[in-house]
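Q: Pasting a structure here, questions to come.
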Amino acid sequence: MIDVDALARPIIDLVDTVGTGVPSAGGPDAGIRIASDVLEIAYRLGSAALSELASSQSSSTALTAAVTTTEQTQASTRNLADRGSDIAGVVDEATTSVSVGMTELGEILQSFLTLAIKAGPTLMTPTGQLMLLSAALEHLGRAVSVIERVHGELSGSTEKMSALIPPVPIPEPAPGASGSASGSGATGVSGATGVSGATGGVEVELPDGSTATAPNAEAAAAVRNALTQQGVPYAWGGTTPGVGLDCSGLTQWAYGQAGVDIPRLAQEQGIGNQIDQNNLMPGDLAVWDGHVAMVIGNGQMVEAGDPVEISAIRTTNSGMGFHGFYRPTE
C-alpha cells in the first residue's frame with residue numbers, strides 16, 4: 021500500500037520553508053512605526069521652534085548660522101521619519117505575502133489528506149493507488165506554484181527595501197588599478213582591455229577562457245567587475261561586494277565601479293537603449309519585475325542567485341514579468 025505520509029511529505033517540507041508569516045507582538049514593523057512617530061513629533065516641535073527663531077528681530081551671523089543648521093536637521097528628521105514609515109510598509113507587505121502563501125499551502129495539504137482519507141479501502145487496489153499518486157503530484161504542483169509566487173513577491177519587497185537603505189559607499193580604486201574589487205569566491209578574470217579593431221568594441225575574457233566583445237569600455241569594465249563577485253552569497257538588500265549582494269546590488273555596484281550610475285531597483289534598471297535578444301553584448305541587462313542579470317557574452321549572464329553565479333541567458337524568472345534587455349551605456 022502507498023504511504024500517504026510519504027506522498028504528503030514534499031508539501032509539508034514546502035510549508036516549513038515558508039514560515040508562519042505571523043510577526044511577534046511588537047515586531048520590527050511596530051518598532052519602526054513608533055520610531056517614525058517620535059521623529060514626526062520632533063519634527064513638528066522643531067518646526068515651531070525654527071519659526072520662532074527665524075522671526076526674531078536679531079540678524080546676527082550666529083543666529084543665521086543657527087537657523088541654517090536647524091533647517092538642515094529638520095530636513096534630516098523628516099527624511100528619517102518618512103523612510104521609517106516606508107520601511108514598515110514594506111515589512112507589512114512581505115509579512116502579508118508569507119501569511120497568504122502559508123494559508124494556501126495549508127489548504128493544499130489539507131485537501132490532499134482529506135482526499136486520501138475519503139479514498140479509504142480503495143487505496144488497497146492498484147486503481148486507488150494510481151489515483152492517490154496522481155492527486156499527490158497535482159497537489160504538489162499547486163504548492164510549488166504558491167512558493168514561486170511568494171518568492172516573486174518577496175523579491176519585489178526586497179528591491180523596495182533596498183531602495184530605502186543607502187548603499188555602503190565603495191572606495192574609489194587607486195590610480196592604475198583595474199577598478200574591480202575581488203570578493204570572496206572570486207575567480208580570475210583578466211583585467212586587460214583589448215580593443216577590437218573590427219567592431220570598435222572592447223574584448224572581455226570570460227572565466228571559461230573564451231572572449232566576447234562589449235560595446236564600450238564602460239560595459240566591459242562592468243562585466244569584469246560583476247565576474248569578480250562569483251561565489252559571493254546572496255544577501256537580502258545586499259550592496260557590499262565580497263560580503264553579500266542582491267541582484268540589483270550586484271549590477272549597480274558593477275556599473276558604478278565602471279563610472280556609470282544606474283538606479284537601485286531591479287525594475288528601474290531598464291535604462292538606455294532596449295536591445296533585441298539577437299543583438300546582445302556584454303554589459304546588457306536582462307530586467308524583470310523583481311530581478312536583474314547582466315549579460316557577459318556567448319549566451320551567458322551573471323546574476324546574484326545564491327551565490328552570485330553564471331547562467332544561460334533566459335527571459336523567464338519565477339513567473340515575474342520580463343521587461344526586456346537594455347544597454348545602460350547607450
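Numbering (the working numbering), first residue to last: 21 to 350.
Quick reminder that beta carbons are idealized off the backbone N, C-alpha and C, glycines included.
Looking only at its chain, what residues have a beta carbon closer than 6 Å to the beta carbon of residue 166, apart from the 5 residues adjacent to it on each side?
A: Contacts found: 121, 124 and 125.
Q: Would you kindly work out how many angstroms separate the C-alpha atoms of residue 289 and residue 322, rounded to a whole number?
A: Computed Cα separation, rounded: 15 Å.
Q: In the DSSP assignment, find the alpha helix (DSSP H) that holds residue 277 and state where it starts and stops.
A: 267 to 277
Q: Nearest by alpha-carbon distance to residue 256: which of 324, 134 and 302 is it?
A: 324
Q: Buried or exposed, going by whether 16 or more other CB atoms sit within 10 Å of the CB of residue 296?
A: exposed
Q: Quick one, which of 349, 345, 341 and 305 has its alpha-carbon nearest residue 175's?
A: 341
Q: Skipping 5 residues on each side, what residues in its chain have a beta carbon closer than 7 Å to that of residue 135?
A: 155
Q: For residue 227, which of 308, 317, 350 and 110 has the nearest alpha-carbon?
A: 317
Q: Identify the continuous alpha helix (DSSP H) that holds residue 334 and give its terminal residues.
A: From DSSP, residue 334 is part of no alpha helix (DSSP H); its letter is neither H nor E.
Q: Is the beta carbon of residue 234 closer than 8 Å to that of residue 243?
A: The Cβ-Cβ distance between residue 243 and residue 234 falls below 8 Å.
Q: Based on Cα-Cα distance, which residue from 315, 330 and 224 lies nearest to residue 344?
A: 315
Q: Using 10 angstroms around the beta-carbon of residue 248, count the other beta-carbons present and answer buried if the total reaches 16, otherwise exposed.
A: buried
Q: Got a sec? Which residues, its chain only, sit under 7 Å from residue 178 by beta carbon, not counting five neighbours each side?
A: 256, 257 and 266
Q: Provide the residue(s) that pair with residue 320 in DSSP beta bridges, ordered along the chain.
A: 317 and 332
Q: Helix, strand or coil: how does DSSP classify residue 171 here?
A: Looking at residue 171 - three-state DSSP - the assignment turns out to be helix.
Q: Given this structure, state the Cα-to-Cα distance separating residue 138 from residue 306, to the nearest angstrom.
A: 48 Å
Q: Residue range of the beta strand (DSSP E) that residue 237 falls in?
A: No beta strand (DSSP E) holds residue 237; the alpha helix (DSSP H) holding it covers 237 to 247.
Q: Between which two residues does the beta strand (DSSP E) containing residue 297 stretch?
A: Neither: residue 297 is in no beta strand (DSSP E) and is coded neither H nor E.
Q: Between residue 310 and residue 286, is the Cβ-Cβ spacing less than 8 Å?
A: yes
Q: Pull the bridge partners of residue 342 from the DSSP assignment, please.
A: 308
Q: How long is the line joining the alpha carbons of residue 260 and residue 280, rounded to whole angstroms?
A: 17 Å
Q: When the distance is taken between beta carbons, is residue 304 closer than 8 Å to residue 346?
A: yes
Q: Classify residue 290 as helix, strand or coil using the three-state DSSP reduction.
A: coil
Q: Going by other Cβ atoms of all chains shown within 10 Å of its Cβ, with 16 needed for buried, is residue 164 buried or exposed?
A: exposed
Q: Starting from the C-beta of residue 148, find all residues in its chain whose C-beta is less than 7 Å away, skip the five residues before and the five after it, and write them out in chain order.
A: 139 and 142
Q: Which residue or residues does DSSP assign as beta-bridge partners of residue 264?
A: 260
Q: Which residue's Cα is closest to the Cα of residue 130: 298, 253, 151 and 27?
A: 27
Q: Tell me the rounded alpha-carbon separation between residue 222 and residue 240.
A: 6 Å
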